[in-house]
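Each protein sequence line maps, in turn, to chains A and B.
Numbering of the first sequence is given in numbering that gives the first Met the number 0, commencing with residue 0 and proceeding in unit increments.
Numbering of the second sequence is given in numbering that gives the first Met the number 0, commencing with residue 0 and proceeding in unit increments.
Working notes, structure below.
2 protein chains.
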Amino acid sequence: MSTISDMVEKYILNIVKNSEDGIIHIQRTDLSSRFSCVPSQINYVIKTRFTIERGFLVESKRGEGGFLKIIKIPMIQTKIYLDRINQGTANYIGAEQARNFLNRLVEEKILCERERNLIWQLLKDESLPCNKEEKGYQKGKMLKNLIGYIANEEENK
Amino acid sequence: MSTISDMVEKYILNIVKNSEDGIIHIQRTDLSSRFSCVPSQINYVIKTRFTIERGFLVESKRGEGGFLKIIKIPMIQTKIYLDRINQGTANYIGAEQARNFLNRLVEEKILCERERNLIWQLLKDESLPCNKEEKGYQKGKMLKNLIGYIANEEENK
DNA sequence: ATATTTCTGACTATATTTGACCATATAAAA
DNA sequence: TTTTATATGGTCAAATATAGTCAGAAATAT
């Protein structure tokens, strides 16, 4: 009882698994023709299965020579970090919460002070020209991606 | 998976790298025949890859003995550079522009690679859950705050 | 019966490639 | 010296090749 999306997921996972460094390049059109589905279904699979929560980062490029780049990051570490900031609402992060989280990363020597300060310049509310509600989601998203990156870095040591 | 434009870019970069002073003269027609493309594609490569954000200036001359002169901008004093960039930093910043800018700061040794990578996690479009228009202004705002911070880093100590 | 997940397609966004037409510098001819 | 021919490079819009978004239909699970 496997859907097309499940099969596409397995197919991609397999390629990632057989790759040297957990980084692969594939083409959306190739996948969609391989599985006889519309191209946008590949986006659906990416969006629902290759998330930061599941330990993946995805980048892409359009036009001639376009591709999907899928990057595997270790989920366990990601999860630990995600759990730490996810006290309360899942995706919404307040300013205070964000600062506390960064400070904790400094305490744990995951970031140095300068790194924290630089990051804060982008994360602080004054850098986000939108309403309070949106600011919260932006901070959430930004921190999640930061976490994904850091977790990946740890792995590669 | 490399486009013609990518190859032309690499070819030129290599010549620049092997030059004494980072200044080279090449001919548009030579490049286009070498890579079997139309001459205007060389202009495309120049326009998209040899930008000021990436640290290049390009001059040219037409007619008999014409050429493209590609200049790798040498290191400038940190503060002057930041001020110039800050002046030139529009309110609206595209993703490519942002990345080029960060890379430039790394080249100038204003940021180290890790700092750039961390910052990119917050600045990239995937971290900004809003429409394209807003993303541009957010990146502009974030970069300005980042620059402001770096420019005053000494005094803030 | 309703909620959730999956699938589809029309429309959008972006990167690259191509070609027709334009601009300018130098050399040759008048 | 002025005009004309030749040799470069520049611009811009259209064609092509990818990928992304979103809303609604269809299928599946609860």
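All residues carry an ideal CB built from backbone N, CA and C; glycine is no exception.
Practice problem: Would you please state the rounded distance, in angstroms, between the beta carbons of residue 14 of chain A and residue 25 of chain A? I believe it to be under 8 Å. | Solution: 7 Å
Exercise. Can you have a look at residue 56 of chain B and say buried or exposed, based on whether 16 or more other CB atoms are within 10 angstroms of its CB?
Key: exposed
Quiz item: DSSP three-state call for residue 22 of chain B: helix, strand or coil?
Solution: strand
Quiz item: So residue 141 of chain B packs on residue 121 of chain A, CB below 8 Å; how close in whole Å?
Solution: 4 Å
Quiz item: Helix or strand or just coil, what does DSSP make of residue 71 of chain A?
Solution: strand
Quiz item: Taking all protein chains shown into account, do 16 or more other C-beta atoms lie within 10 angstroms of the C-beta of residue 44 of chain A, making it buried, or fewer, making it exposed?
Solution: buried
Quiz item: So, residue 127 of chain B versus residue 137 of chain B, is the Cβ gap smaller than 8 Å?
Solution: yes
Self-check item: Beta-carbon proximity list for residue 28 of chain B, same chain, < 8 Å, skipping 5 on both sides
Solution: 38
Practice problem: For residue 16 of chain B, count neighbouring C-beta atoms within 10 Å of its own C-beta (all shown protein chains included) and say buried if the count is 16 or more, exposed if not. | Solution: exposed
Quiz item: What residue does the alpha helix (DSSP H) around residue 57 of chain A start on, and which one ends it?
Solution: No alpha helix (DSSP H) holds residue 57 of chain A; the beta strand (DSSP E) holding it covers 55 to 60.
Exercise. Compare the beta carbon distance of residue 62 of chain B and residue 92 of chain B with 8 Å and say whether it is the shorter of the two.
Key: no
Quiz item: In whole angstroms, what is the alpha-carbon distance linking residue 31 of chain B and residue 149 of chain B?
Solution: 42 Å
Exercise. Note down the Cα distance separating residue 8 of chain A from residue 21 of chain B, rounded to an integer number of angstroms.
Key: 47 Å
Quiz prompt | Residue from B:67, B:97, B:112 with nearest C-alpha to residue 52 of chain B | solution = B:97
Quiz item: Cβ atoms of residue 69 of chain A and residue 49 of chain A: under 8 Å apart, would you say?
Solution: yes
Quiz item: Based on the DSSP secondary-structure assignment, which residues constitute the bridge partners of residue 66 of chain B?
Solution: B:60
Practice problem: Can you have a look at residue 46 of chain B and say buried or exposed, based on whether 16 or more other CB atoms are within 10 angstroms of its CB? | Solution: exposed
Exercise. Check whether the Cβ atoms of residue 104 of chain B and residue 113 of chain B lie closer than 8 Å to each other.
Key: no
Quiz prompt | Selection of the stretch 13 to 37 of chain A by Cβ proximity to chain B, strictly under 7 Å | solution = 24
Exercise. Taking residue 1 of chain A as the reference, give the member of A:64, A:67, A:18, A:34 with the closest Cα.
Key: A:34
Quiz item: Taking Cβ-Cβ distances shorter than 8 Å, what residues in chain A pair up with residue 120 of chain B?
Solution: 141, 144, 145, 147, 148
Self-check item: Residue-chain proximity (residue 39 of chain B, chain A), Cβ-Cβ < 8 Å
Solution: no
Quiz prompt | Candidates B:107, B:6, B:134, B:42: closest to residue 90 of chain B by CA position | solution = B:134
Self-check item: Status (buried if at least 16 other CB within 10 Å, exposed otherwise) for residue 143 of chain A
Solution: buried
Exercise. Could you pull out every residue in the same chain whose Cβ sits closer than 6 Å to the Cβ of residue 58 of chain B, ignoring the five residues on either side in sequence?
Key: 68
Self-check item: Listed by chain order, chain A residues near residue 137 of chain B by CB distance under 8 Å
Solution: 126, 127, 128, 129, 137
Quiz item: Does DSSP put residue 11 of chain B in a helix, a strand or coil?
Solution: helix
Exercise. Identify the continuous alpha helix (DSSP H) that holds residue 127 of chain B and give its terminal residues.
Key: That residue, residue 127 of chain B, is in no alpha helix (DSSP H); it is neither H nor E in DSSP.
Quiz prompt | Same chain only: Cβ atoms within 7 Å of residue 66 of chain A, ignoring 5 sequence neighbours per side | solution = 24, 25, 26, 59, 60
Exercise. Starting from the Cα of residue 40 of chain B, find the closest Cα among B:5, B:54, B:18, B:19 and give me that residue.
Key: B:5
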